[in-house]
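Enquirer:
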């Protein structure tokens, strides 16, 4: 199955992630429907097995599992459906239905859709770069909405990258900061190598005599 949407790369926007998740859900529904009809056209290995052993492949059971997986995705990503209208206005501002937009964005959206120069720019640049080209003073509400969408999961890639670097650095060949060493430090071995310096009365007296000689 296709799992490319879980690979969040650099400069991934939440609307792009949502599109990939939606596409995968549609595929799940298609596979389930085909399994219910004993159609294995998208599962070549299973199709070969079923052709060699007619009636042995459990299409009905697999269709049930696909249905459960579809429902699981539908439940886990239900919050995204509430943002569907806002995502559409962000990713396709020139084709979005202005009457489905929030009232605070309606006038600015109509102005933007009537601007042919901005339409050309939108086709030539990435979606996240397009909103940087717009003058904030002219469309403040649009800029605020774009910043809101772009900020969703903005740090996901940075966090994943940081954890990957930490895992690479924390190897037995490069680092001794293992979990065992951190939880059970050898205090006796660490302190035995230390030379603690103490200042006794004799050392203080000797130091004072040297200072007197220097002054004389």
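Residue numbers (our numbering): 3 to 218. Built from N, CA and C at the ideal position, the CB exists for glycine as well. Computed from a predicted model, the values in this text were never measured in an experiment.
1) For residue 47, name the three-state secondary structure that DSSP assigns.
2) Starting from the Cα of residue 23, find the closest Cα among 41, 74, 117, 163 and give me that residue.
3) Grab the span of the alpha helix (DSSP H) containing residue 62 for me, first residue to last.
4) For residue 141, name the three-state secondary structure that DSSP assigns.
5) On the three-state DSSP scale, how would you describe residue 134?
6) Taking 8 Å as the threshold (C-beta atoms), are residue 91 and residue 68 in contact?
7) Start and end of the alpha helix (DSSP H) containing residue 21?
8) How would you call residue 9, buried or exposed, if buried means at least 16 neighbouring beta carbons within 10 angstroms?
9) Using the rule of at least 16 other Cβ atoms within 10 Å of the residue's Cβ for burial, across every protein chain shown, is residue 6 buried or exposed?
10) Decide if the stretch 109 to 123 is in contact with the stretch 136 to 148; the criterion is three or more beta carbon pairs, one per stretch, under 8 Å apart.
11) For residue 145 versus residue 135, is the C-beta spacing smaller than 8 Å?
12) Compute the distance between the beta-carbons of residue 130 and residue 164, then report whether it is under 8 Å.
13) With H, G and I counted as helix, E and B as strand and the rest as coil, what does DSSP make of residue 193?
14) Measuring only the C-alpha atoms, how far is residue 34 from residue 120?
15) Between the alpha carbons of residue 88 and residue 167, how many angstroms are there, rounded?
16) Using the C-alpha atoms, what's the distance from residue 82 back to residue 20?
17) When the Cα atoms are used, what is the spatial distance from residue 46 to residue 84?
18) Suppose you measure from the CA of residue 53 to the CA of residue 107; what does that come to, to the nearest Å?
19) Grab me the residues of residue 133's own chain with a C-beta within less than 7 Å of its C-beta, minus the 5 sequence neighbours each way, in chain order.
20) Along the chain, where does the alpha helix (DSSP H) containing residue 113 start, and where does it finish?
Expert: The short version:
1) helix
2) 74
3) 61 to 78
4) coil
5) coil
6) no
7) 16 to 38
8) Here the model assigns residue 9 a pLDDT of 49, short of 50, so the residue's position is not dependable, and the following value carries that caveat. It is exposed - the Cβ of residue 9 has fewer than 16 other Cβ atoms within 10 Å.
9) Note that residue 6 scores 49 on pLDDT, short of 50, meaning its location in the model is unreliable; the coordinates nonetheless yield the value given after this. Its Cβ having fewer than 16 others within 10 Å, residue 6 is exposed.
10) yes
11) no
12) no
13) helix
14) 43 Å
15) 35 Å
16) 7 Å
17) 37 Å
18) 57 Å
19) 145, 148
20) 105 to 115
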